[in-house]
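First comes the structure, then the notes that go with it.
Rendered as structure tokens:
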């Protein structure tokens, strides 16, 4: 009987996405920080277990942001973005691939999360700006009489 090596994850990331998504809040700053931290990892100094842990976290955050940002409203652009997210999540490398492939997938996930966070921020700012007056005057525009 063979025993799993310590570098193998306990469960494939695809099976744990749903459970990890349930516990994560839709926190823009934490998601952006997670993406940045994942992109700072270096292949030569990061273990497969660390890569798999980061992959599971990013997959959960991507699922949350995709639901909040890409699924509403349904337009051709959002459907295309949702297709990209689905393809990326479905293309997770198997457990027996080289560490490099897992690392590249992690980097792809981090970049996708950055895109989704940026889109979420843009939509949030648009919603906030839409409720504010169109033009706000600044003190520099005020009456200095000149």
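Numbering (our numbering), first residue to last: 259 to 404.
Cβ atoms here follow ideal geometry from the backbone N, Cα and C, with glycine treated the same way.
Being a predicted model, the structure only gives us computed values, none of them experimental.
To the nearest angstrom, how far is it from the Cα of residue i to the Cα of residue j?
i, j, result
"residue 369", "residue 294", "9 Å"
"residue 362", "residue 383", "32 Å"
"residue 317", "residue 381", "21 Å"
"residue 335", "residue 287", "25 Å"
"residue 372", "residue 305", "23 Å"
"residue 338", "residue 358", "28 Å"
"residue 310", "residue 333", "33 Å"
Go ahead and label residue i buried or exposed: buried means 16 or more other beta carbons lie within 10 angstroms of its beta carbon, across all protein chains shown.
i, result
"residue 323", "buried"
"residue 351", "buried"
Near residue i, what residues of its chain come up, given a Cβ to Cβ distance below 8 Å and the 5 sequence neighbours on each side ignored?
i, result
"residue 340", "324, 328 and 329"
"residue 365", "296 and 297"
Between which residues of its own chain and residue i is the CB-CB distance below 7 Å, once the five residues before and five after are set aside?
i, result
"residue 326", "284 and 378"
"residue 300", "none"
"residue 331", "none"
Round the Cβ separation of residue i and residue j to the nearest angstrom and send it over; I've been treating them as touching at under 8 Å.
i, j, result
"residue 347", "residue 320", "7 Å"
"residue 313", "residue 360", "7 Å"
"residue 289", "residue 375", "5 Å"
"residue 315", "residue 349", "Not really, about 18 Å apart at Cβ, beyond 8 Å."
I'd like the list of long-range same chain contacts for residue i, defined as Cβ closer than 6 Å, with 5 residues on each side in sequence excluded.
i, result
"residue 367", "316"
First and last residue of the alpha helix (DSSP H) that includes residue i?
i, result
"residue 286", "286–298"
"residue 344", "334–348"
"residue 310", "306–323"
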